[in-house]
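*Asks:* The structure that follows is given in the form of structure tokens.
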Amino acid sequence: MGLELESAAMAAEGPNPELVDFTRRFWVGTVLTIPLLVLTMGPYLGFPGVRDIFGERTTLWIELVLGTPVVLWCGWPFLVRGWNSFRTLNLNMFSLIGMGVMAAWLFSVVAVFAPGIFPDGFRDPEGHVGVYFEAAAVIVTLVLLGQVMELRAREGTGKAIRALLDMAAKTARVIRPDGTEEEIALEEVQVGDRLRVRPGDKVPVDGIVVDGRSSVDESMISGEPVPVEKTEGDPVTGATINGTGSLMMEATRVGADTMLSQIVEMVANAQRSRAPIQKYADQVAGFFVPAVIGIAILSFIAWAVWGPAPALSYALIAAVAVLIIACPCALGLATPMSIMTATGRGAQAGVLIKNAEALERFEKIDTLIVDKTGTLTEGKPKLVAVLPETGHAEPEVLRLAASLERGSEHPLAEAIVRGAEERGVKMADAKEFEAVTGKGVKGTVDGQAVALGNLAMIRDLGLEAGDLTTKANARRDEGETVMFVVVEGEIAGLVSVADPVKETTPAAIKDLHELGFRVIMATGDNERTAKAIGSRLGIDEIRADVLPEDKARIIRELQEAGRKVAMAGDGVNDAPALAQADVGIAMGTGADVAIESAGITLVKGNLDGIVRARRLARATMRNIRQNLFFALIYNASGVPVAAGVLFPFFGILISPMFAAFAMSASSISVVLNSLRLRGVKI
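Quick note: the sequence shown uses this note's numbering, first residue 397, plus one each step.
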């Protein structure tokens, strides 16, 4: 078979060389086969043939001249593949095509050069030996037609990948250190470069907005038509389209590291992968081809012994027809064509399929485990409230807490610092900063000992929270994360941070239930907060205070209980669980290691992407089963008829030409059915 490049990005523009070659062979075969058919079939259609004009021998030589190039040049790729299949004992569709075509052609060549060697069983009542150049030529031409259609369909998926690549900007406007701006080729952009994105321009590479404000059309990666507002600090993705504002950005990912390049590679890899169901098709083909060869031999013997005169000619026709109509090319197309089309459709909807196996497995998933932060929620906590105790002012409590948290990299710390900045609170430098794992942080601000943390931190400091615990729990019941602020050994107040639930999450949870999922939330957050969010969303089961290794253990326990489990997460801590799950689902907005561990990636990072993935998986597997039906029904019904079981009762015998047409029809049915997935609604 034709080799494929490992990287889709390396593919040269222009038509597929194999498609060009097969198209040329098809047209040459068509030009030579049409007069050959007219020459041989003319007398049966009511008008005289060349035989009447030039005589029997001359006509046979003309058929040889027309038919031989079709078989030996147009059909050469099939003959080579057929020979290799026998040489390596990997029998396939080309084994049957090669045997059928060469049997018909070789018999005909011998009949032209040495007709006298044939016994009476090969001669008609007039003593002539029949030739089958037209049958061999038509078979080759129809098989070429089927191959050209298949290659065109594959070319369509290849064009979809190239169209993704073409979305990228060709140039970027770089801002030099001296403030001058210059247009450079996209390949010259380096990580750390500052780039200007003017209104209407494509964002050149992945990066962060450092100045400006605009709305960006991200529909090419998310499928969402509504533009997204971008301001300082927001991420932007290469190939998305800037709106009416001007942005200055800093490049963080270039070349093969950009999201667009990763999408292209993931789609290409998935299209080359094989679904487990394909193994069954391969096993069927492995037994089917030898069985067909056996049926062809038995058919030849039966016709030679019991067939009407010329018995041996009938026997040869029946054997060749069996070999051709049984060709399992449609069986080989059934799964790959569906997978190729489905992965391209998924990419359009922001669902990236890593391999075909993940798509097939996802159809059978009955349990979905989701992380809370970044999956159900925005993953961007916000400061909700500052509750000072008597004798302490709200701005001062916030100033001390934010000053201390500036030294922390925790998302909650970032929320407190950002909240202080938005409220115009000026922060001071913290000294003797110390992070206490699982409890909070401590340090000195303006000479005062300050601590910020949970109830465990309060207890470590030897303090009593008293009524504040009730106040904190009431906040936690609303889904907020609450921390105590301690100044000079005295509780000064509370700060409350909340991670808002994504707008799309409630509807997605409802759809997931309708699609048959049991949804379990596994989070490292405290139980009160987790239950508050879980009950509000209708989550079936809540597992709180879990560590990364606990998530993998939970999945293992569910699998041992017979559940088919998918895990959706976005963080580094989710990678072990994503790998353990039957299908891992990573949020495209999350960590690289999570994406690498997952079988499916949701570009936008919303749960409604899982809904789309499930619908796509179901549609794809339904399409594959339909294809397998189309592939097998032609063979199952055609082989007995081609062998001649209906001839004694109805006088019906399939010719090799009709067998070739039926074989092509099964392939065309599979290709057209697979292409329906392009428009499937997910």
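Every residue gets a Cβ at the ideal spot worked out from N, C-alpha and C, and that includes glycine.
What is the DSSP secondary structure of residue 487, reduced to helix, strand or coil?
*Replies:* Counting from one through the sequence shown, the residue named residue 487 turns up at place 91. Coil at residue 487, not helix or strand.
*Asks:* Pairs of beta-carbons, one from the stretch 892 to 905 and one from the stretch 1003 to 1016, closer than 8 Å: are there three or more?
*Replies:* Taking 8 Å as the limit for Cβ pairs, the verdict is that the stretch 1003 to 1016 does touch the stretch 892 to 905.
*Asks:* According to DSSP, simplified to helix, strand and coil, what is residue 778?
*Replies:* Residue mapping note: residue 778 aligns to position 382 of the sequence shown, counting from 1. Strand.
*Asks:* Which of the three DSSP states, helix, strand or coil, is assigned to residue 354?
*Replies:* With the chain represented from 397 up to 1078, any question about residue 354 goes unanswered, as that position is not in the structure.
*Asks:* Residue 853 lies in the alpha helix (DSSP H); which residues open and close that run?
*Replies:* The sequence position of residue 853 within the sequence shown is 457, counting from 1. Looking at the DSSP string, the run of the alpha helix (DSSP H) that includes residue 853 is 851 to 856.
*Asks:* Take residue 575 and list the residues in its own chain whose beta-carbon comes closer than 7 Å to its own, dropping the five residues that flank it on each side.
*Replies:* Here residue 575 refers to the residue found at position 179 of the sequence shown. Around residue 575: no qualifying Cβ.
*Asks:* Does the Cβ of residue 696 have 16 or more other Cβ atoms within 10 Å, making it buried, or fewer, making it exposed?
*Replies:* Looking up residue 696 in the sequence shown gives position 300. Buried, by the Cβ-count rule.
*Asks:* Assuming residue 646 contacts residue 569 under a Cβ cut-off of 8 Å, what Cβ separation, rounded to an integer in Å, is found between them?
*Replies:* Locating residue 646 in the sequence shown gives position 250, where the first residue counts as 1. Locating residue 569 in the sequence shown gives position 173, where the first residue counts as 1. Not really, about 13 Å apart at Cβ, beyond 8 Å.
*Asks:* Take every Cβ of the stretch 814 to 823, pair it with every Cβ of the stretch 785 to 797, and state whether three or more of those distances are shorter than 8 Å.
*Replies:* Segments in contact, yes.
*Asks:* Straight-line CA distance for residue 1029 to residue 1058?
*Replies:* Along the sequence shown, one-based indexing puts residue 1029 at 633. Along the sequence shown, one-based indexing puts residue 1058 at 662. Going from the Cα of residue 1029 to the Cα of residue 1058 covers about 11 Å.
*Asks:* Where in the stretch 892 to 976 do unbroken runs of the beta strand (DSSP E), each at least 3 residues long, occur, reported from the N-terminal end onward?
*Replies:* Counting whole runs of 3 or more residues, the stretch 892 to 976 contains the beta strand (DSSP E) stretches 914 to 918, 937 to 939 and 961 to 965.
*Asks:* Nearest to residue 963 by alpha carbon, out of 761, 1069 and 872?
*Replies:* Locating residue 963 in the sequence shown gives position 567, counting from the first residue. When each option's Cα is compared against that of residue 963, the closest is 761.
*Asks:* Going by alpha carbons, who is nearest to residue 629 out of 689, 573 and 602?
*Replies:* Indexing the sequence shown from 1 puts residue 629 at position 233. When each option's Cα is compared against that of residue 629, the closest is 602.
*Asks:* Once the 5 residues before and after residue 619 are set aside, which same chain residues still bring their CB inside 6 Å of it?
*Replies:* As a position in the sequence shown, residue 619 is number 223, starting the count at 1. Annotation note: pLDDT 46 at residue 619 (below 50); position unreliable, coordinate value reported separately. Counting only Cβ-Cβ distances below 6 Å, and skipping sequence neighbours, we find 745 and 746.
*Asks:* Go through the stretch 564 to 647 residue by residue and report every complete run of the beta strand (DSSP E) that reaches 3 residues or more, in order.
*Replies:* If we require 3 residues or more, the beta strand (DSSP E) runs fully inside the stretch 564 to 647 come out as 567 to 571, 577 to 581, 590 to 593, 602 to 608, 610 to 613 and 624 to 626.
*Asks:* By how many angstroms is the C-alpha of residue 827 removed from the C-alpha of residue 840?
*Replies:* Taking the sequence shown and counting its residues from 1, one reaches residue 840 at position 444. Taking the sequence shown and counting its residues from 1, one reaches residue 827 at position 431. About 5 Å.
*Asks:* Using only alpha-carbon positions, find the residue among 1041, 598 and 798 that is nearest to residue 633.
*Replies:* The sequence position of residue 633 within the sequence shown is 237, counting from 1. Measuring from the Cα of residue 633, the nearest candidate turns out to be 598.
*Asks:* Identify whether residue 888 lies in helix, strand or coil by the three-state DSSP scheme.
*Replies:* Counting from one through the sequence shown, the residue named residue 888 turns up at place 492. Strand, per DSSP.
*Asks:* Determine, using beta carbons only, whether residue 801 and residue 857 come nearer to each other than 8 Å.
*Replies:* For this step, residue 801 is matched to residue 405 along the sequence shown. For this step, residue 857 is matched to residue 461 along the sequence shown. Not closer than 8 Å, so no.
*Asks:* By Cβ distance below 6 Å, which residues in the same chain neighbour residue 824 in space, the five residues on each side in sequence not counted?
*Replies:* Walking along the sequence shown from the start, residue 824 turns up at place 428. Answer for residue 824: 799, 841 and 842, listed in chain order.
*Asks:* Go ahead and label residue 417 buried or exposed: buried means 16 or more other beta carbons lie within 10 angstroms of its beta carbon, across all protein chains shown.
*Replies:* Here residue 417 corresponds to residue number 21 of the sequence shown, with the count starting at 1. When all chains shown are included, residue 417 counts as exposed.
*Asks:* Using three-state DSSP, classify residue 861 as helix, strand or coil.
*Replies:* Here residue 861 corresponds to residue number 465 of the sequence shown, with the count starting at 1. Residue 861: coil per DSSP, three-state reduction.
*Asks:* Across which residues does DSSP place residue 980 in a beta bridge pair?
*Replies:* What you label residue 980 is simply residue 584 of the sequence shown in a count that begins at 1. Partner(s): 963.
*Asks:* Go ahead and label residue 701 buried or exposed: buried means 16 or more other beta carbons lie within 10 angstroms of its beta carbon, across all protein chains shown.
*Replies:* Mapped onto the sequence shown, residue 701 falls at position 305. Exposed: under 16 other Cβ atoms inside 10 Å.
*Asks:* What's the C-alpha gap between residue 455 and residue 1033?
*Replies:* Position 59 of the sequence shown, counted from the first residue, corresponds to residue 455. Position 637 of the sequence shown, counted from the first residue, corresponds to residue 1033. The alpha-carbon atoms of residue 455 and residue 1033 are separated by roughly 36 Å.
*Asks:* Would you mind giving the Cβ-Cβ distance between residue 476 and residue 532, rounded to the nearest angstrom? I have them listed as a contact below 8 Å.
*Replies:* If you number the sequence shown from 1, residue 476 lands on position 80. If you number the sequence shown from 1, residue 532 lands on position 136. Not really, about 16 Å apart at Cβ, beyond 8 Å.
*Asks:* Could you tell me which whole alpha helix (DSSP H) segments of length 4 or greater appear in the stretch 693 to 756?
*Replies:* Within the stretch 693 to 756, the complete alpha helix (DSSP H) runs of at least 4 residues are 707 to 721 and 725 to 744.
*Asks:* Give me the residue from 1074, 1045, 1066 and 1036 with the minimum Cα distance to residue 714.
*Replies:* Looking up residue 714 in the sequence shown gives position 318. Comparing Cα-Cα distances from residue 714 to each of 1074, 1045, 1066 and 1036, the minimum goes to 1036.
*Asks:* Would you kindly work out how many angstroms separate the C-alpha atoms of residue 564 and residue 604, rounded to a whole number?
*Replies:* By one-based count along the sequence shown, residue 564 stands at place 168. By one-based count along the sequence shown, residue 604 stands at place 208. Residue 564 and residue 604: Cα-Cα distance of roughly 17 Å.
*Asks:* In the DSSP assignment, the alpha helix (DSSP H) including residue 374 goes from what residue to what residue?
*Replies:* Residue 374 is absent from the structure shown; the chain starts at 397 and stops at 1078.
*Asks:* Under 8 Å, do residue 1019 and residue 1072 count as touching if we go by C-beta distance?
*Replies:* Sequence index remark: in the sequence shown, residue 1019 carries index 623 (1-based). Sequence index remark: in the sequence shown, residue 1072 carries index 676 (1-based). Yes, Cβ-Cβ distance for residue 1019 and residue 1072 is below 8 Å.
*Asks:* By Cβ distance, which residues of its chain are closer than 6 Å to residue 757, with the 5 residues on each side in sequence left out?
*Replies:* Start at 1 with the first residue of the sequence shown, and residue 757 comes out as number 361. Excluding sequence neighbours, residue 757 sits near 978 and 979.
*Asks:* Buried or exposed: residue 1077, going by 16 or more other Cβ atoms within 10 Å of its Cβ?
*Replies:* In the sequence shown, residue 1077 corresponds to position 681, counting from 1. Result: exposed.
*Asks:* Please say whether residue 530 and residue 432 have beta carbons closer to each other than 8 Å?
*Replies:* Along the sequence shown, read from residue 1 onward, the residue named residue 432 stands at position 36. Along the sequence shown, read from residue 1 onward, the residue named residue 530 stands at position 134. In this structure, residue 530 lies closer than 8 Å to residue 432 by Cβ.
*Asks:* Does DSSP put residue 1034 in a helix, in a strand, or in coil?
*Replies:* On the sequence shown, position 638 is the one that residue 1034 refers to. Looking at residue 1034 - three-state DSSP - the assignment turns out to be helix.
*Asks:* Tell me which residues share the same chain as residue 783 and place their Cβ nearer than 6 Å to its Cβ, disregarding the 5 neighbours each side in the sequence.
*Replies:* One-based indexing of the sequence shown puts residue 783 at position 387. Cβ neighbours of residue 783 beyond the five flanking positions: 889 and 890.
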